[in-house]
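These notes concern the structure reproduced below.
Residue numbers (the working numbering): 11 to 283.
Dropping the structure here:
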């Protein structure tokens, strides 16, 4: 039987849970977001012989961006072209949405060691839009201090590209409203940081070394009830203070001095020639 791609359904969840267990050492978030993604739409699965063996999602973001995420293939079926099949399908979906006037570009983020996805993206016409560092820390390694819940203002969005978890948004009033609905905002000693609701990947809205030092106990406080580890997403321009950041107790996921998170973009006019 030939594989085919269809919209995800609630009854697909056991298959998605299995893929998540076998991805990133069982740390994959896919099972956690499954229900929300099914409701949101533009969530697809690849089915073969009655079994879901792959997934892909397109999320509509502010500034007419179609955000690609959740591209997965079950380990037993990798190396057989199924990832390319899903990727090509999502490009075609992006083109249709562009023709409907809903989006103007496709974007996605990936880890710098995900060489297969990076090569595939560059071949299809994606280029690097921005680079970030993701650094990890253990909540119990810090003295914890409770922050104050806060409100997000446009002046807080000091970066041109604002991370929320592993999504990256363009600075705009539309993005501000989007973040207000989906991010938790905290403040300590005048410094603010954001985190996805219920998440543990933090974005400091002030990125100086001293600012991050001040915020770390508050991030650890928020993270301690959500898991053992938490992450911080920082702009690639933080390279000069990388050693200082690690001196604060932050750890790079892999040994590298280069930014380890890449954000790609492709204007959809590229797809239409």
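Just so it is clear, CB atoms sit at the ideal spot from N, CA and C, and this is done for glycine as well.
Limits of the alpha helix (DSSP H) - the one that residue 49 falls within: As a position in the chain shown, residue 49 is number 39, starting the count at 1. Counting along the chain, the alpha helix (DSSP H) containing residue 49 begins and ends at 40-50.
Entirely enclosed beta strand (DSSP E) segments - the region 105-178, minimum 3 residues: Within the region 105-178, the complete beta strand (DSSP E) runs of at least 3 residues are 115-121, 137-148, 171-174.
How far does the beta strand (DSSP E) with residue 214 in it reach, from first residue to last? Along the chain shown, read from residue 1 onward, the residue named residue 214 stands at position 204. Residue 214 -> beta strand (DSSP E) spans 211-214.
State buried or exposed for residue 286, treating a residue as buried only when at least 16 other CB atoms are found within 10 Å of its CB. Since the displayed the chain opens at 11 and closes at 283, residue 286 lies outside it and no answer follows.
Less than 8 Å between the C-beta atoms of residue 198 and residue 224, yes or no? As a working note, residue 198 is residue 188 in the chain shown. As a working note, residue 224 is residue 214 in the chain shown. Their beta carbons are under 8 Å apart, which means residue 198 touches residue 224 by this criterion.
Would you be able to state if there are at least three C-beta pairs under 8 Å between the region 237-252 and the region 142-154? By the C-beta criterion, the region 142-154 is judged to be in contact with the region 237-252, since at least 3 inter-stretch pairs fall below 8 Å.
Cα-Cα separation between residue 47 and residue 102, rounded to whole angstroms: One-based indexing of the chain shown puts residue 47 at position 37. One-based indexing of the chain shown puts residue 102 at position 92. So the alpha carbons of these two residues sit roughly 19 Å apart.
What residue from 276, 272, 226 has the CA that sits closest to residue 256's CA? Translated into the one-based positions of the chain shown, residue 256 becomes position 246. Residue 226 is the option with its Cα nearest to residue 256.
Short Cβ contact (8 Å threshold) for residue 119 with residue 252: Looking up residue 119 in the chain shown gives position 109. Looking up residue 252 in the chain shown gives position 242. Against a cut-off of 8 Å, the Cβ pair of residue 252 and residue 119 comes out as no contact.
Spatial neighbours of residue 238 within its chain, please: C-beta separation below 7 Å, excluding the five flanking residues on both sides. Numbered from its first residue, the chain shown carries residue 238 at position 228. The beta carbon of residue 238 sits closer than 7 Å to those of 148, 149, all from its chain and outside the five residues before and after it, given in chain order.
Just how far apart, CA to CA, sit residue 107 and residue 99? As a position in the chain shown, residue 107 is number 97, starting the count at 1. As a position in the chain shown, residue 99 is number 89, starting the count at 1. Straight-line Cα distance between these residues: approximately 12 Å.
For residue 67, which residues in the same chain have their Cβ closer than 7 Å to its Cβ, ignoring the five residues on either side in sequence? Against the chain shown, residue 67 aligns to sequence position 57. Closer than 7 Å at the Cβ level, and outside the excluded window around residue 67, lie 47, 52, 53, 79, 80.
Residue range of the unbroken beta strand (DSSP E) whose run includes residue 54: By 1-based counting over the chain shown, the position of residue 54 is 44. 53-58 is the span of the beta strand (DSSP E), which, as asked, contains residue 54.
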